[in-house]
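Take a look at the structure set out below.
Number of protein chains: 2
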Amino acid sequence: FDADAAAIVGAAMDGKVKPLKSLGRLEVLAGRLAGIQRTAAPHVDSPAVVICAADHGLAAGGVSAYPQEVTGLMLQGFASGTSAVGVLARQSGARLLVADLGVIAPPQLRPGDHPVLDRRVRSTGTADSSTGPAMTLEEARQAVAHGIGLVEDLVADGVDLVALGEMGIGNTATASALTAALLGREPARLVGPGTGVQGEALARKVRKVEEVLARHADARDPWDVLARVGGLEIAALAGVVLGCAAHRVPVLLDGFITTSAALVAWRLAPTCTHTMIAGHLSPEPGHQVQLEALGLRPVLDLGMRLGEGSGAALAIPVLRSAVAVLREMGSFADLGLADEAPPA
Amino acid sequence: FDADAAAIVGAAMDGKVKPLKSLGRLEVLAGRLAGIQRTAAPHVDSPAVVICAADHGLAAGGVSAYPQEVTGLMLQGFASGTSAVGVLARQSGARLLVADLGVIAPPQLRPGDHPVLDRRVRSTGTADSSTGPAMTLEEARQAVAHGIGLVEDLVADGVDLVALGEMGIGNTATASALTAALLGREPARLVGPGTGVQGEALARKVRKVEEVLARHADARDPWDVLARVGGLEIAALAGVVLGCAAHRVPVLLDGFITTSAALVAWRLAPTCTHTMIAGHLSPEPGHQVQLEALGLRPVLDLGMRLGEGSGAALAIPVLRSAVAVLREMGSFADLGLADEAPPA
Chain A
3 FDADAAAIVG
13 AAMDGKVKPL
23 KSLGRLEVLA
33 GRLAGIQRTA
43 APHVDSPAVV
53 ICAADHGLAA
63 GGVSAYPQEV
73 TGLMLQGFAS
83 GTSAVGVLAR
93 QSGARLLVAD
103 LGVIAPPQLR
113 PGDHPVLDRR
123 VRSTGTADSS
133 TGPAMTLEEA
143 RQAVAHGIGL
153 VEDLVADGVD
163 LVALGEMGIG
173 NTATASALTA
183 ALLGREPARL
193 VGPGTGVQGE
203 ALARKVRKVE
213 EVLARHADAR
223 DPWDVLARVG
233 GLEIAALAGV
243 VLGCAAHRVP
253 VLLDGFITTS
263 AALVAWRLAP
273 TCTHTMIAGH
283 LSPEPGHQVQ
293 LEALGLRPVL
303 DLGMRLGEGS
313 GAALAIPVLR
323 SAVAVLREMG
333 SFADLGLADE
343 APPA
Chain B
3 FDADAAAIVG
13 AAMDGKVKPL
23 KSLGRLEVLA
33 GRLAGIQRTA
43 APHVDSPAVV
53 ICAADHGLAA
63 GGVSAYPQEV
73 TGLMLQGFAS
83 GTSAVGVLAR
93 QSGARLLVAD
103 LGVIAPPQLR
113 PGDHPVLDRR
123 VRSTGTADSS
133 TGPAMTLEEA
143 RQAVAHGIGL
153 VEDLVADGVD
163 LVALGEMGIG
173 NTATASALTA
183 ALLGREPARL
193 VGPGTGVQGE
203 ALARKVRKVE
213 EVLARHADAR
223 DPWDVLARVG
233 GLEIAALAGV
243 VLGCAAHRVP
253 VLLDGFITTS
263 AALVAWRLAP
273 TCTHTMIAGH
283 LSPEPGHQVQ
293 LEALGLRPVL
303 DLGMRLGEGS
313 GAALAIPVLR
323 SAVAVLREMG
333 SFADLGLADE
343 APPA
């Protein structure tokens, strides 16, 4: 993070024809983008939404309202352009990149569909983490490496902002277990409805997450936690975060799942939080806990709990606007009024 | 408001391939746009930001950090495209319409500048409302009529959403007095820093607003309050709100000033609240009070207190995205899965 670039942008914002700081978080976001990109001329000219998808053995334990086959069906929607995140990415002028890290029933693509990148580490998805490790350490490393590789390809292609997305039936349960393990919190405080479980089903989901935690209480370090708890798409997204940090690319978090990937990346490389921006706040109860641990404040708070990257995609226009204000808005100096900066 | 159209859109959103209600306020906003536009196919294809500007005699009492001449200077920025709201409207794909209702020093436009419409009701701005009426009842009616006329022109030109903006040095003081008078609240709870007054200057602003209220405590009705308290741009914006209600055009409120205009319109025609959407929440302390009175929840909360229409302009992409989800996202029926609607 380049504090000098951020300070230059802050001073430029102070010189714009307006009361000091009166554009609130738009000014803060412009400075943050500058610090991340290490330039006083930050840009959001070519954003991408990166979706990683995989299945979760834990889903067999009934933690989701949907069967595992739905993961592949949703990928079909990403490929055909009819998913929520597809619509929102188009609205935000962002390209969509979808990678399959281990979906049990991958979609049958048709001519004209967007591609789904094959980054399959385990074709069966993860194993059931409540009875054993979700994957091996080697597989976790491979998934993280795939995430880093996705960023390298995007950067080579000119992408200057990455929004995170995900798909994987059962992955709020996995994300809850990861978050509880990494932050030392009680699962009951973190587990929420996800796609819509409630009542007894929600209580069963909490118990499942507690089983996962108990099963892996002796995990040695963040890599070990990641491999034993899962999931494949979360590991890949942690890699995307690490890749963005390495390449000075702002990474826009979505909801509870992608933020669990951000927690993993943070525990592997603490300074990578400097590269993160929280796109929105999900009503999933653990999300606020995660964002507080990372020291992040969400841009939007619209009660969205769909995931896929939908909240992050919707936040992109706010970041674009922050940069546009910096680029295009007039300053007191332009008016020959350099001494007339406002009093407050 | 067409509750049937809103219900059809709500059902269509429920049928989209996602957990029920998981797009949160995007779904609510799509339904609200449908109800306002009285169609199950709501649209944000041609939005406009309408800025009304005028000067305030009350500003002579030292309620602002800036002299009155700044109103005209800011209009110059709107005309040249370098203002904050100009940048944000461009980002949101919205046209900008600027009307002068009574600016003391109107801008000298240059070739290539955007026009500033001459709707001047009083070339001197309002009179000092702490010592007498801001304007006559006839002038208030003329300003409101100008606002209605602006909407008629825009509607004829295909505009399908109007975001409100304003400019007028001293107008947070006027808006505080109007809000206090219309809602029966204490000025001290409503008056905030505006462009940046604090300490003794803020205390003086509160006293000024209290003087205005005391001076016009015998105002008979909302028209009388509007004429005696002012201001010209607020009256015109109240007219814009009324015009939008008459033409079924969604009207997106900005901050404290434009919402005071919405309060006036509501007191003149209570059902016009059905046409309103709150674009954002300003940190100006009275704004939340106003929105609660109108029963509105803001779309954005980014600490923006610049006014001009900046917060409303920034909210336009969220509304566009709500409509795009309705139009473009796939449904369970598309997949031949009409019975697979999710459980929650």
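Those protein sequences? They're chains A and B, same order as listed. Sequential numbering from 3 applies to the first sequence in the working numbering. Sequential numbering from 3 applies to the second sequence in the working numbering. By construction, the Cβ of each residue, glycine as well, lies at the ideal position given by its N, Cα and C atoms.
For A/ILE259, the enclosing alpha helix (DSSP H) stretches over residues 258-270.
When only Cα atoms are considered, A/SER85 and B/MET331 end up about 6 angstroms apart. By the Cβ test, the segment 272-285 of chain A is in contact with the segment 304-319 of chain A, since at least three Cβ pairs between them sit closer than 8 angstroms. Listed in chain order, the positions of the segment 299-312 of chain B with a beta carbon within less than 9 angstroms of a beta carbon of chain A are VAL301, LEU302, ASP303, LEU304, GLY305, MET306, ARG307, LEU308, GLY309, GLU310 and SER312. The segment 74-91 of chain B and the segment 220-240 of chain B do not touch, with fewer than 3 CB-CB distances between them shorter than 8 angstroms.
Counting along the chain, B/LEU293 sits inside the alpha helix (DSSP H) bounded by residues 287-296. Three or more beta-carbon pairs drawn from the segment 248-268 of chain B and the segment 295-309 of chain B are found closer than 8 angstroms, and the two stretches are therefore classed as touching.
Spatial neighbours of A/GLY196 in its own chain (CB-CB distance under 6 angstroms, excluding positions within 5 residues in sequence) are listed in chain order as THR174.
Close CB contacts of B/ALA9 within its chain, under the 8 angstroms cut and outside five residues either way in sequence, are with GLY33 (chain order). Within the segment 87-104 of chain B, contact with chain A at the beta-carbon level (separation under 9 angstroms) is assigned to GLY88, VAL89, LEU90, ARG92, GLN93 and SER94. Contiguous beta strand (DSSP E) elements confined to the segment 13-40 of chain A do not occur, taking only those with 3 or more residues. Assignment of beta-bridge partners to A/GLU168 by DSSP yields A/CYS54. Pairwise C-beta distances place the segment 87-104 of chain B in contact with the segment 317-325 of chain A, as three or more of them are shorter than 8 angstroms.
Spatial neighbours of A/ALA237 in its own chain (CB-CB distance under 6 angstroms, excluding positions within 5 residues in sequence) are listed in chain order as ALA142, ALA145, VAL146 and LEU228. Chain-order list of chain B residues neighbouring A/VAL327: ALA86, VAL89 and LEU90, by C-beta distance under 8 angstroms. Taking the Cα positions, B/GLY104 is about 25 angstroms away from A/LYS18. C-alpha of B/VAL231 to C-alpha of B/ALA177: approximately 9 angstroms in a straight line. Shown here for B/LYS207: same chain residues with a beta carbon closer than 7 angstroms to its own, the five before and five after excluded, namely VAL65, ALA175, VAL193 and VAL199 in chain order. In the DSSP assignment, the residues bridged to B/ILE279 are B/LEU254. Considering only beta carbons, the part of the segment 184-199 of chain A lying closer than 7 angstroms to chain B consists of PRO195, THR197 and GLY198, in chain order. Residue pairing by DSSP places B/GLY104 opposite B/ALA56 in a beta bridge. Relative to A/LEU328, the option among A/ARG27, A/ARG121 and A/THR181 whose CA is nearest is A/ARG27. Using a CB distance cut-off of 8 angstroms, B/ARG112 does not count as an interface residue toward chain A. Interface criterion met: the Cβ of B/LYS20 is under 8 angstroms from a Cβ in chain A. When the Cα atoms are used, A/GLY88 and A/ARG97 turn out to be separated by approximately 9 angstroms.
Contact between the segment 122-135 of chain A and the segment 208-216 of chain A is present, with at least three C-beta pairs closer than 8 angstroms.
Membership of A/CYS246 in the alpha helix (DSSP H) is indicated by the continuous run 234-248. Cβ proximity to chain A below 7 angstroms picks out nothing from the segment 225-250 of chain B.
In the same chain as B/TRP268, and ignoring 5 residues on each side of it, the C-beta atoms closer than 7 angstroms to its own belong to CYS274, THR275 and LEU296, in chain order. Taking each of B/HIS45, B/ALA5 and B/ASP57 in turn and checking the Cα distance to B/GLY37, the smallest one comes out for B/ALA5.
With respect to A/SER48, A/VAL161 sits close: the two C-beta atoms are nearer than 8 angstroms. Residue contact check for B/PRO252 against chain A: no CB pair falls below 8 angstroms. Nearest neighbour of B/GLN110 by Cα position, chosen from B/THR73, B/ARG124, B/MET137 and B/ALA136, turns out to be B/THR73. Contact note: A/LEU316 reaches chain B through LEU28, PRO319, VAL320 and SER323, using a C-beta cutoff of 9 angstroms and chain order.
For B/PRO224, the secondary structure class from DSSP, reduced to helix, strand or coil, is helix.
For A/ASP120, the beta-bridge partners assigned by DSSP are A/ASP102.
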